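S.K.:
Number of protein chains: 2
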Amino acid sequence: MNIADQVYSAADSATQDRAQTIRDQLRDAIVDRRLAPGTKLSEGEVGTLFDVSRTVARAALQMLSFEGLVRTERNRGAFVANPSPEEARQVFASRRLIEPGIAIAACGRVTAADIVAFRAQLDEEGRFIAERGPHARRSEIKASGDFHLLLASVAGNAILQRFMEELVARSSLVIALYGRSGASACGHSEHTGIVGALESRDSGLASRLMLHHIDHIEADLDLRVRAGPALREALNF
Amino acid sequence: MNIADQVYSAADSATQDRAQTIRDQLRDAIVDRRLAPGTKLSEGEVGTLFDVSRTVARAALQMLSFEGLVRTERNRGAFVANPSPEEARQVFASRRLIEPGIAIAACGRVTAADIVAFRAQLDEEGRFIAERGPHARRSEIKASGDFHLLLASVAGNAILQRFMEELVARSSLVIALYGRSGASACGHSEHTGIVGALESRDSGLASRLMLHHIDHIEADLDLRVRAGPALREALNF
DNA sequence: TGCACAAAAATCGTATGCAATCTTTTTTGC
DNA sequence: GCAAAAAAGATTGCATACGATTTTTGTGCA
Chain S
10 MNIADQVYSA
20 ADSATQDRAQ
30 TIRDQLRDAI
40 VDRRLAPGTK
50 LSEGEVGTLF
60 DVSRTVARAA
70 LQMLSFEGLV
80 RTERNRGAFV
90 ANPSPEEARQ
100 VFASRRLIEP
110 GIAIAACGRV
120 TAADIVAFRA
130 QLDEEGRFIA
140 ERGPHARRSE
150 IKASGDFHLL
160 LASVAGNAIL
170 QRFMEELVAR
180 SSLVIALYGR
190 SGASACGHSE
200 HTGIVGALES
210 RDSGLASRLM
220 LHHIDHIEAD
230 LDLRVRAGPA
240 LREALNF
Chain P
10 MNIADQVYSA
20 ADSATQDRAQ
30 TIRDQLRDAI
40 VDRRLAPGTK
50 LSEGEVGTLF
60 DVSRTVARAA
70 LQMLSFEGLV
80 RTERNRGAFV
90 ANPSPEEARQ
100 VFASRRLIEP
110 GIAIAACGRV
120 TAADIVAFRA
130 QLDEEGRFIA
140 ERGPHARRSE
150 IKASGDFHLL
160 LASVAGNAIL
170 QRFMEELVAR
180 SSLVIALYGR
190 SGASACGHSE
200 HTGIVGALES
210 RDSGLASRLM
220 LHHIDHIEAD
230 LDLRVRAGPA
240 LREALNF
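Protein chains in written order, with the numbering used here: chain S, 10 to 246; chain P, 10 to 246.
Here is the structure:
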């Protein structure tokens, strides 16, 4: 487990909680699949890696458990979540409800500076798509998620923004698990289209594009159950 | 602070976490306004009241902090949330996005047993509306929230259900803070209408009724800022 | 060899202790 | 008498300790 690559990257803003820093690092590692689903995250190990006591490590794991990225079992420990196809469908059903509305709200509040940020984000995405290999693919998933988070922040609703943070993180897990490598590039062009709609303040178009975009992402998944649940459980542990 | 009235009401299912039990009790107390916004919830006090160590009390407070019912300040402690009008608007904006979709989903999955449960819930609401006094009003707010939670559970999406739990809890806080006592009774008839739409599986109607219902709840609030922010802050502490 | 059972190790749940930080009260200087 | 500084008190942040539970290892017996 090589999580703590740059443990102190965010430690300059050390005024904040250490547990939160650890949570962020672990979340990145999970979303990037440096930590595979089902991996055990023992409190002691996490604490040692980040050089904190179990108390702090436990708090970080509790946070991740709330976000659905980690599943905790009493007296057994915490494990990286292993979302079922049903869970995956629920994640995308939730996004279908929320994100078109976020797109509409963003249309009403987007500034020129935001557009610049969106363009930079799109460039970043394009860079990773050009590359090949598993590392680039992970970065691509992450960048794609960041686009949606940027949109949520522009929409200006802190509650929805937090919901989206959770949904995007879980989506990344789902995509990494069930994604067919194929059509992820088409997501980039769809993002570009959404930014265009934002720029022209066309909320109806932005909403429609977003809905289609989510449909496309989900359509790219292979959510058929691969084996009987019992076997599945057995293989995952 | 007389929270721990029936601490051991849920202790029979003691297989579960104690922190979770405490969280539930505190949440009920906050939603019922037995704990007023701004009230300090010190770890030591909570621990003493529920007869657990600060460790457990702290975990419960952390959970409530995630749900937005409690605000924690570093090195200062936890306080019952005091949502601003802006926060209140965001809560209802979020509900407007999510709940019509939940109503539609519920239409596709509602069973006869569910309808029976809804009827029982409506009866319960009616009972509190008939009564008067502050206690009945709190119970009324709670029962009204329970209706929405029941709907969310019928919709069958665990993620949205959790989001709704948070939104309903925060709504109860907001209503208690900014509600004009007037039109809460009309909510009951709207609930009845929604159940009717569910029964006839009319998802379009259910969705529309829900949207109007949320609009009505928010319209019943007085979200004008009462004083300058500085003074407001000063008064709240 | 394979299985059942017991001992050992690992891990979690929780309580408690200490240092750091914040708040309040007291003291001191003007 | 009042403002500012200093001390006392309270509360949080974090680490550590210990009992409880789970998992693993080891051993005897069929």
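For glycine and all other residues, C-beta sits at the position ideal for the given N, C-alpha and C.
Computed from a predicted model, the values in this text were never measured in an experiment.
Give the straight-line distance between the Cα atoms of P:V234 and P:R189, rounded to the nearest whole angstrom.
M.R.: As a first step, residue 234 of chain P must be located in the second sequence, where it is residue number 225. As a first step, residue 189 of chain P must be located in the second sequence, where it is residue number 180. Approximately 15 Å, taken between the alpha carbons.
S.K.: Pick helix, strand or coil for P:R136, following the three-state DSSP scheme.
M.R.: For the purposes of this step, residue 136 of chain P is taken as residue 127 along the second sequence, with counting starting at 1. P:R136: helix per DSSP, three-state reduction.
S.K.: Please specify which runs of the alpha helix (DSSP H), each continuous and at least 4 residues long, are wholly inside the stretch 81-122 of chain P, giving them in chain order.
M.R.: With a minimum length of 4 residues, the continuous alpha helix (DSSP H) runs that stay inside the stretch 81-122 of chain P are 94-118.
S.K.: Using a C-beta to C-beta distance shorter than 8 Å, which residues of chain P count as neighbours of S:N166?
M.R.: For the purposes of this step, residue 166 of chain S is identified with residue 157 of the first sequence, where counting begins at 1. Result: Q99, A102 and S103.
S.K.: Kindly examine the ligand MN and report whether one of its heavy atoms sits closer than 7 Å to the Cβ of S:E227.
M.R.: With respect to the ligand MN, the structure shown offers nothing to examine, as it has no ligands at all.
S.K.: Return the bridge partner residues of P:G188 from the DSSP annotation.
M.R.: One-based indexing of the second sequence puts residue 188 of chain P at position 179. Note: P:G188 sits in a beta bridge opposite P:L230.
S.K.: By the 10 Å Cβ neighbour count, where 16 or more other Cβ atoms means buried, how is S:T64 classified, buried or exposed?
M.R.: As a first step, residue 64 of chain S must be located in the first sequence, where it is residue number 55. S:T64 is exposed by the Cβ-count criterion.
S.K.: Output yes if chain P places a C-beta closer than 8 Å to the C-beta of S:L169; else output no.
M.R.: The residue given as residue 169 of chain S occupies position 160 in the first sequence. Closer than 8 Å to some Cβ of chain P, the Cβ of S:L169 qualifies, so yes.
S.K.: Near S:D231, what residues of its chain come up, given a Cβ to Cβ distance below 7 Å and the 5 sequence neighbours on each side ignored?
M.R.: Counting from one through the first sequence, the residue named residue 231 of chain S turns up at place 222. Only Y187 and R189 meet the Cβ criterion.
S.K.: Tell me, please, which residues DSSP counts as bridged to S:K49.
M.R.: Here the question's residue 49 of chain S lines up with position 40 in the first sequence. Answer by DSSP bridge pairing, in chain order: S:F88.
S.K.: Can you find a C-beta in chain P that's less than 8 Å from the C-beta of S:A68?
M.R.: Counting from 1 along the first sequence, the entry for residue 68 of chain S is found at position 59. Judged by the 8 Å Cβ criterion, S:A68 is in contact with chain P.
S.K.: So what's P:V79 in DSSP terms, helix, strand or just coil?
M.R.: Translated into the one-based positions of the second sequence, residue 79 of chain P becomes position 70. P:V79: strand per DSSP, three-state reduction.
S.K.: Taking just the CA atoms, how far does P:R98 sit from P:L159?
M.R.: Here residue 159 of chain P refers to the residue found at position 150 when the second sequence is read from its first residue. Here residue 98 of chain P refers to the residue found at position 89 when the second sequence is read from its first residue. Cα to Cα, P:L159 sits roughly 23 Å from P:R98.
S.K.: For P:S212, I'd like the list of residues in its chain whose CB is within less than 6 Å of its CB, leaving aside the five on either flank, ordered along the chain.
M.R.: Here residue 212 of chain P refers to the residue found at position 203 of the second sequence. Correct list, in chain order: I113 and C116.
S.K.: Could you check whether the Cβ of S:N245 sits closer than 8 Å to any Cβ belonging to chain P?
M.R.: Here residue 245 of chain S is taken as the residue at index 236 of the first sequence, counted from 1. Note that S:N245 scores 42 on pLDDT, short of 50, meaning its location in the model is unreliable and no value can be drawn from it.
S.K.: Please tell me whether S:G110 has its Cβ less than 8 Å away from any Cβ of chain P.
M.R.: As a working note, residue 110 of chain S is residue 101 in the first sequence. Yes, contact with chain P.
S.K.: Can you tell me whether P:F246 is helix, strand or coil according to DSSP?
M.R.: Here residue 246 of chain P is taken as the residue at index 237 of the second sequence, counted from 1. Note that P:F246 has pLDDT 35, beneath the 50 cutoff, so the model's placement of it is unreliable and the number below is only indicative. It is coil, neither helix nor strand.
S.K.: Would you identify the three-state DSSP class for S:L70, choosing helix, strand or coil?
M.R.: Locating residue 70 of chain S in the first sequence gives position 61, counting from the first residue. Correct three-state label for S:L70: helix.
S.K.: Do P:I138 and S:S103 have their CB atoms nearer than 8 Å?
M.R.: The residue labelled residue 138 of chain P in the question sits at position 129 within the second sequence. The residue labelled residue 103 of chain S in the question sits at position 94 within the first sequence. Against a cut-off of 8 Å, the Cβ pair of S:S103 and P:I138 comes out as no contact.
S.K.: Count the other CB atoms, across all protein chains shown, that sit within 10 Å of the CB of S:M10; report buried if there are 16 or more and exposed otherwise.
M.R.: The sequence position of residue 10 of chain S within the first sequence is 1, counting from 1. Note on S:M10: pLDDT 37, under 50, position unreliable in the model; no value is reported.
S.K.: Of all the options S:S74, S:G56, S:D60 and S:R67, which has the alpha carbon lying nearest to the alpha carbon of S:I39?
M.R.: Along the first sequence, read from residue 1 onward, the residue named residue 39 of chain S stands at position 30. If we check each option's Cα against that of S:I39, S:S74 comes out closest.
S.K.: What does P:F75 touch in chain S if you count any residue whose Cβ is under 8 Å from its own?
M.R.: Your numbering for residue 75 of chain P matches position 66 in the second sequence. Near P:F75 (Cβ distances below 8 Å), the residues of chain S are M72 and F75.
S.K.: Does any residue of chain S bring its CB to less than 8 Å from the CB of P:I138?
M.R.: Numbered from 1 along the second sequence, position 129 holds the residue referred to as residue 138 of chain P. Taking Cβ atoms only, chain S never reaches closer than 8 Å to P:I138, which makes this a no.
S.K.: Just to confirm, are S:D123 and S:V163 a CB contact at a threshold of 8 Å?
M.R.: What you label residue 123 of chain S is simply residue 114 of the first sequence in a count that begins at 1. What you label residue 163 of chain S is simply residue 154 of the first sequence in a count that begins at 1. Taking 8 Å as the Cβ cut-off, S:D123 and S:V163 qualify as a contacting pair.
S.K.: S:G165 by DSSP, collapsed to three states: which one?
M.R.: The residue you call residue 165 of chain S lines up with position 156 of the first sequence. If DSSP states are grouped into helix, strand and coil, S:G165 belongs with coil.
S.K.: Quick one: residues in its chain with C-beta nearer than 7 Å to the C-beta of P:S148, no 5 flanking neighbours on either side, listed in chain order?
M.R.: Numbered from its first residue, the second sequence carries residue 148 of chain P at position 139. The answer, listed in chain order, is F137.
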